[in-house]
Amino acid sequence: MIILAATPIGNLGDASARLREVFEGATVIACEDTRHTANLLRLLEIENRPELLALHDHNERERAAGLVERARHEDLVVVSDAGMPTVSDPGYRLVQEAVQQGVDVTVIPGPSAVTTALALSGLPTDRFSFEGFAPRKHEEQARTYSALAEERRTMVFFEAPQRVEATLRAMAEAMGAERRAAVCRELTKLYEEVQRGTLTELADWAAEGVRGEVVIVVAGGEPAVFSLSDGLGLVRDRVAAGVRLKDATKQVAQETGLVARELYEQALAEKG
């Protein structure tokens with residue numbers, strides 16, 4: 062069996078009893094950085110000394126099949142340096158291979174920078190999307206943020222500290238300077254900090270420099286509100302372009318949330 066185990070994202074006190082129990086009984090642990098995991102075992106005072114195997118972005122593809130085969134015969138614990146494996150961390154290809162080969166996978170839940178930042182942000186939490194790290198190239202990044210400008214859900218991003226200001230300014234340009242957001246840094250650690258404000262305000266704050274692990278949470282876009290007059294204008298444009306009146310009112314109703322019958326009747330009244 063493969064056991065995906067969430068590890069603390071900062072505060073060692075967040076290590077669960079289940080995590081400690083699994084570490085104590087593990088014979089082999091696949092980890093993002095063997096030195097980091099060895100130090101974690103030491104800090105948690107784990108007396109067991111399991112075999113540590115490196116599993117990271119550069120070798121996961123070629124190691125996945127072999128590790129899955131090994132997991133048929135013994136439990137394979139999988140950890141990343143912090144948080145849940147597979148979430149912007151190694152493990153996805155391993156799980157994909159395990160599913161294809163019929164090897165069981167289970168999870169020991171625990172700390173997550175995504176949900177921790179979301180809860181602290183003060184932004185809506187009922188619906189959200191995790192966007193990971195944005196592309197590094199300016200053109201690709203601009204396209205990404207422009208595509209997300211209409212996203213209604215709260216969005217969660219990871220970012221490197223030295224790129225926070227530039228990222229916030231790019232977001233402000235694509236999504237609007239007044240879009241609400243929060244920058245969460247060093248979550249669960251001694252110097253945990255949450256800054257809330259508009260994208261522009263936060264970019265100005267970040268200009269002084271940001272340190273530590275960073276999560277950016279951005280409010281979703283507000284839905285456009287169309288009046289009946291707006292809708293009739295759109296209907297007129299489509300009719301002028303050759304669309305039948307009934308078809309035009311249906312299309313505009315779907316796009317704006319207005320009632321098709323009201324649009325149709327008003328359009329007919331204007332004709333009369």
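Those letters in the sequence shown? Residues 62 to 333, by my numbering.
C-beta atoms are modelled at their ideal positions from N, C-alpha and C, and glycine is treated no differently.
Residue i and residue j closer than 9 Å at C-beta
i	j	result
Gly71	Glu253	yes
Arg297	Ala328	yes
Glu85	Ser141	no
Thr261	Ala238	yes
Ala221	Ile277	no
Buried/exposed call for residue i, threshold 16 Cβ in 10 Å
i	result
Gly127	exposed
Leu289	exposed
Thr177	buried
Arg246	buried
Leu73	exposed
Leu248	buried
Glu121	buried
Residue closest to residue i, alpha-carbon to alpha-carbon, out of the options
i	options	result
Glu106	Arg246, His117, Leu80 and Gly273	Leu80
Thr189	Met62, Ala180 and Ala195	A small correction: the amino acid at residue 189 is Phe; Thr does not occupy that position in the sequence shown. Considering only alpha carbons, the answer is Ala180.
Glu123	Glu112, Asn109 and Pro151	Pro151
Leu114	Glu108, Ala99 and Leu104	Ala99
Ser77	Gly144, Leu251, Asn120 and Thr88	Gly144
Arg133	Glu201, Val160 and Lys311	Val160
Distance between residue j and residue i (C-alpha atoms, nearest Å)
i	j	result
Val42	Phe194	Outside the shown range of the chain, which is 62 to 333, sits residue 42, and nothing can be said about it.
Thr317	Ser207	21 Å
Asp165	Glu130	11 Å
Gln223	Ile90	32 Å
Phe287	Thr68	48 Å
Pro170	Val304	54 Å
Val138	Glu112	10 Å
Ser182	Gly163	39 Å
Leu104	Ala174	21 Å
Gln256	Arg197	23 Å
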